[in-house]
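Written below as structure tokens is the structure these notes are about.
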Amino acid sequence: KNTVFVQRACPRSSDENAIGRGALTYLFRRPSERLLQRVEQASGAIFGAKGAPANLITLHIRWGDKWKENGLISAKEYVESVRQVAAEGNITGKLTVFVTT
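Numbering (our numbering), first residue to last: 12 to 112.
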């Protein structure tokens, strides 16, 4: 199974958020065994015994109060980002997009 991890900052994010982005990158570079176990449990609950589909792209939409920092990212921009990730990850055909907020 090929997994492609893409982390992109919002197009309008500023350098003042670099420290926060750096901290998150550091934390998720080496996740704890406990976190990995919980992720496996959640994945099983969501996708069943077969696991996540090979054509899956997970999308975290930041609306709510995030617009105060970076402006509101439109749904169209999120869709375009999903298309870019699919192209870069060589994910072809019909996509499965798992949206979190």
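Virtual Cβ for every residue (Gly too), placed ideally from N, Cα, C.
Problem set entry | Whole-angstrom distance between LEU67 and ALA60, CA atom to CA atom | Within the sequence shown, residue 60 is the residue found at index 49, counting from 1. Within the sequence shown, residue 67 is the residue found at index 56, counting from 1. Whole-angstrom Cα-Cα distance: 16 Å.
Exercise. For PRO42, which three-state DSSP category applies?
Worked result: Indexing the sequence shown from 1 puts residue 42 at position 31. Here PRO42 sits in coil by DSSP.
Problem set entry | DSSP beta-bridge partners of PHE109 | Numbered from its first residue, the sequence shown carries residue 109 at position 98. THR69.
Problem set entry | Whole-angstrom C-beta distance between ALA65 and SER54, which should lie under 8 Å | By 1-based counting over the sequence shown, the position of residue 54 is 43. By 1-based counting over the sequence shown, the position of residue 65 is 54. Rounded, the Cβ-Cβ distance is 14 Å, inconsistent with contact.
Exercise. When the Cα of PHE109 is compared with those of LEU83, GLN95, ILE57 and ASN101, which residue comes out closest?
Worked result: Translated into the one-based positions of the sequence shown, residue 109 becomes position 98. Nearest option by C-alpha distance: ILE57.
For this session: Would you give the residue range spanned by the alpha helix (DSSP H) that SER85 belongs to?
Result: Along the sequence shown, read from residue 1 onward, the residue named residue 85 stands at position 74. That residue, SER85, is in no alpha helix (DSSP H); it is neither H nor E in DSSP.
Exercise. Near LYS12, what residues of its chain come up, given a Cβ to Cβ distance below 7 Å and the 5 sequence neighbours on each side ignored?
Worked result: Sequence index remark: in the sequence shown, residue 12 carries index 1 (1-based). Confidence is the limiting factor: at LYS12 the pLDDT is only 49, short of 50, which leaves the residue's position unreliable, though a coordinate-based value still follows. Excluding residues within five positions, the ones whose Cβ falls inside 7 Å are ALA65.
Exercise. When burial is assigned at 16 or more other CB atoms within 10 Å of the CB, is VAL96 buried or exposed?
Worked result: The count along the sequence shown starts at 1 and reaches residue 96 at position 85. VAL96 is buried by the Cβ-count criterion.
Exercise. Alpha carbon to alpha carbon, how far is ARG73 from ILE30?
Worked result: As a working note, residue 73 is residue 62 in the sequence shown. As a working note, residue 30 is residue 19 in the sequence shown. Each residue's alpha carbon lies about 18 Å from the other.
For this session: Work out the CA separation of THR69 and GLU44 for me, nearest whole Å.
Result: The sequence position of residue 44 within the sequence shown is 33, counting from 1. The sequence position of residue 69 within the sequence shown is 58, counting from 1. So the alpha carbons of these two residues sit roughly 21 Å apart.
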